[in-house]
Structure formats: structure tokens, C-alpha cells
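Asker:
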Amino acid sequence: MGKGKVAPGSQVINIASSKKAGSVTTALGFRGMGVLQLDEAFKGSGSLTIEGQEDIKVETIKPDWWPIEWFRDQQHTAVA
Numbered sequence: 000m001g002k003g004k005v006a007p008g009s010q011v012i013n014i015a016s017s018k019k020a021g022s023v024t025t026a027l028g029f030r031g032m033g034v035l036q037l038d039e040a041f042k043g044s045g046s047l048t049i050e051g052q053e054d055i056k057v058e059t060i061k062p063d064w065w066p067i068e069w070f071r072d073q074q075h076t077a078v079a
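For the sequence shown, position 17 matches number 16 in the working numbering, and the numbering has no gaps at all.
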């Protein structure tokens, strides 16, 4: 696999907590989509990466349709 390429099935990890945060479901070159655990995805910016390819940073994007209640619930969980 060349530098910057991510394969479907790659594991996303939170380097701050060393926990698995999710996995890549589809990828094209250096862009991809995946499924992430909310508690790990929104813990802190810049802490998600691809396991075995720590030079690749994973960016989480909250979609426009995301209900504000879901994000508030996550903020309370992260603080507790």
C-alpha cells in the first residue's frame, strides 16, 4: 500500500487513548468513509489515525443533518 492510501477494513484508532475508534468502510486514494464510535470520534481533534499508518490522520465530520440533541448527549457523556 502506497503512502497516503487507506484500504477498506483498516482500523481507526484513537492515539490518545489507544482504543479502537472504528473502521474504514470504503476508500479511494487518501479519502475514505468509515464507521466510528461517537465517544472516541469526538474526544479530541487530531487524535484519530489508521492503525499501522500513524502518519495518516483521520478527520471526523459531523453532517449538516445531524440532530443537535445527539451532539449534546455526546458532550455530556464525554464530560461525565
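Note that the Cβ used here is the ideal one computed from N, Cα and C, for glycine as well. Predicted, not measured: the structure shown is a model, and the values here were computed from it.
#1: According to the neighbour-count rule (16 or more other Cβ atoms, all chains shown, within 10 Å of its Cβ), is residue 35 buried or exposed?
#2: Just reading off the beta strand (DSSP E) that residue 54 is part of, what are its end residues?
#3: Using CA atoms only, rank isn't needed, just tell me which of 49, 50, 51, 33 is closest to residue 60.
#4: Give the secondary structure of residue 18 by DSSP, where H, G and I count as helix, E and B as strand, and everything else as coil.
#5: If you run the structure through DSSP and keep just helix, strand and coil, what is residue 6?
#6: Under 8 Å, do residue 26 and residue 39 count as touching if we go by C-beta distance?
Answerer: Let me lay it out:
#1: buried
#2: 52-56
#3: 33
#4: strand
#5: coil
#6: no
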